[in-house]
Amino acid sequence: MALARALGQRYLWVDALCILQDVEVVRQQTIDDMDRIFAQSLLTMVAGTCESANDPLPGVTTNRSWKQRYQKVSASLTLSAHFDFRDYLESTKYNERAWTFQEYQLANRLLVFAPNGQVYFLCREAVYSEEVIVGPDMEPDAALLDGADLIKLRPDPTKLWSVYERGVHHFTARRMTYEKDILNAFTGILRMICSERSLEGLPLPIFDLALLWQPQQQLERRQGFSSWSWAGWIGKVEWFDIYSLTYEGEGKTETERIASWMKLRSWIVWYSSWGTDVRSPAYIMDGPPWLRGTAPSAEQHEHRFPGLHHKFVPRPRSLARSLENLEPQRRHIRYLQFWTTSAYFEIEHDRNMNFPIRSLDPETTSKGLRLFTLHDRDGRACGWVLLNDNWVNRAANSDIRRQEFIILSEGRYSKVYPSPMKYSPDQTERPIVFEEFNVMMITTTGT
């Protein structure tokens with residue numbers, strides 16, 4: 001409040017004071033409007049030095065001290081070292097909280113109180129620090145960074161996938177005080193980067209691709225959300241390099257290549273529902289995807305997959321019977337339905353295999369995850385799946401070792417990117433490119 005008053009501002013938004021917690025309707029409406037509040041604010045204050053709401057801002061209500069790092073080269077020349085404020089924020093409470101991610105990303109201007117004792121000003125054009133004299137006109141040469149877009153997410157219709165992937169990756173690394181707010185804290189980001197609707201945090205235009213997320217650490221189940229979405233799990237997620245996208249057309253934008261990939265490579269025609277009975281007015285379906293132009297028509301699908309099932313509409317009672325046996329809180333989460341092909345494989349933990357997400361990343365399998373090889377009925381290695389390490393003992397049981405997998409889409413892998421498979425199952429030497437299928441392992445609870 002003291003800082004807002006010193007800046008000559010009449011109004012200050014503080015979540016804890018401005019969101020009415022005891023009236024659920026008002027609370028939810030305010031949460032739905034949070035992205036607009038952040039985006040239309042004059043200035044967002046980042047308390048990077050504070051551990052709690054009770055801590056003061058240094059230099060505002062308490063004294064502060066900071067040391068400028070410099071080296072005197074000669075009598076007339078002194079060099080000063082400048083550091084990126086993001087490095088100082090990396091291990092702060094502010095950077096751990098999920099809600100502050102949306103606040104930071106949607107703000108037009110930021111005043112950052114960093115742990116090194118300095119205050120930084122960030123806008124859409126540049127970043128300035130106190131120790132650099134900027135002059136009366138904020139000369140761009142005095143900026144620490146030209147083009148602050150490098151720091152923040154920006155909507156780009158031609159790169160929807162890249163922006164979304166980056167956003168989810170960083171967001172899922174943060175912590176929620178109330179796990180039920182996971183999508184509320186990310187809705188503003190989704191609205192900013194994609195004008196179309198999303199399901200459980202997965203945008204419709206890239207839904208088939210967004211469904212291919214992978215854990216980057218051991219995950220815990222987040223109740224109240226669908227298991228097929230990253231929102232249904234607590235922990236950091238990532239997508240592996242989607243190499244097959246480069247094959248869907250030269251000279252096209254990323255969004256156009258993905259649209260082509262979804263038409264040519266996706267195997268599923270999906271529906272999603274809130275209700276439990278197709279015949280009920282409460283039952284809501286999203287799809288089929290070809291109505292959005294992101295999947296082949298029924299005739300095209302039949303031509304691609306001769307001999308496979310071509311009925312796409314869910315049966316009236318196929319989902320309802322299984323839901324009747326579930327506890328009440330699970331009957332009302334969003335379910336995903338589609339026709340596809342399934343197959344059974346035996347999974348085996350391979351202690352000699354590891355898998356970094358990207359070539360420069362640390363080993364994924366050291367973070368509570370284990371890599372399992374898939375074996376077909378002839379015992380040949382034909383794929384892999386990342387699972388929590390408690391599956392090591394479970395898979396030792398012959399009854400549990402055999403698991404069902406469903407096909408989601410086709411893919412291609414390049415030896416440029418890391419892969420746990422040392423070679424293609426069908427060849428003695430690993431080729432430059434070989435076909436793969438993206439699959440999902442299915443475990444059943446209830447009946």
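The UniProt record's numbering puts the first residue of the sequence shown at 1, with every later residue one more than the last.
Where a beta carbon is used, it is the ideal one built from N, C-alpha and C, also for glycine.
In this text the structure is predicted, and so the values were computed from the model without any measurement.
Requested in this report: Grab the span of the alpha helix (DSSP H) containing Gly167 for me, first residue to last.
Outcome: 160-171
Query raised in the report: Do you know offhand how far Phe68's Cα is from Ala75's?
Result: Reading off the sequence, residue 68 comes out as Gln, not Phe. In a straight line, the C-alpha of Gln68 is about 18 Å away from that of Ala75.
Query raised in the report: Whose CA, out of Tyr94, Phe101, Glu103, lies closest to the CA of Ala114?
Result: Considering only alpha carbons, the answer is Tyr94.
Report task. Pick helix, strand or coil for Glu130, following the three-state DSSP scheme. Result -> coil
Requested in this report: Out of Lys252, Val112, Pro203, Leu264, point me to the one whose CA is closest to Trp230's CA.
Outcome: Pro203
Query raised in the report: Taking DSSP as the reference, what is the three-state secondary structure of Pro115?
Result: coil
**Report entry** Contact belief for Ile407 with Thr340 at Cβ below 8 Å, rounded distance in angstroms
**Finding:** About 5 Å separates the two Cβ atoms, so the contact holds.
Report task. Can you tell me the Cβ-Cβ gap for Trp384 and Leu369, rounded? I've got them flagged as a contact below 8 Å. Result -> With 8 Å as the limit, Trp384 and Leu369 do not qualify as a contact, their Cβ atoms being about 12 Å apart.
Query raised in the report: Whose C-beta lies closer than 6 Å to the C-beta of Pro56 among residues of the same chain, with five residues either side of it excluded?
Result: Thr62
Query raised in the report: Looking at the unbroken alpha helix (DSSP H) that takes in Leu89, where does it start and where does it end?
Result: 85-89
Query raised in the report: Secondary structure at Glu346, three-state DSSP: helix, strand or coil?
Result: In the three-state reduction of the DSSP assignment, Glu346 falls in the strand class.
**Report entry** Boundaries of the alpha helix (DSSP H) in which Lys93 is found, first to last residue
**Finding:** 93-96
Query raised in the report: Between the beta-carbon of Arg97 and the beta-carbon of Arg222, is there less than 8 Å?
Result: no
Query raised in the report: Are the beta-carbon atoms belonging to Trp228 and Leu387 less than 8 Å from one another?
Result: no
Query - Which of helix, strand or coil DSSP assigns to Asn393 - result: helix
Report task. Use the C-beta contact count for Ile193: other C-beta atoms within 10 angstroms, 16 or more gives buried, fewer gives exposed. Result -> Per the 10 Å Cβ criterion, buried.
Query raised in the report: Who are the near neighbours of His349 in its chain, counting only those whose CB is closer than 7 Å to its CB and skipping five residues on each side?
Result: Arg370, Phe372, Val392, Ala395
Query raised in the report: What residues in its chain sit with their C-beta under 8 Å from that of Asp35, if we drop five residues either side in the sequence?
Result: Gln102, Leu106, Thr187, Gly188, Ile189, Arg191, Met192
Requested in this report: Give the DSSP-derived three-state secondary structure of Cys382 in the structure shown.
Outcome: strand
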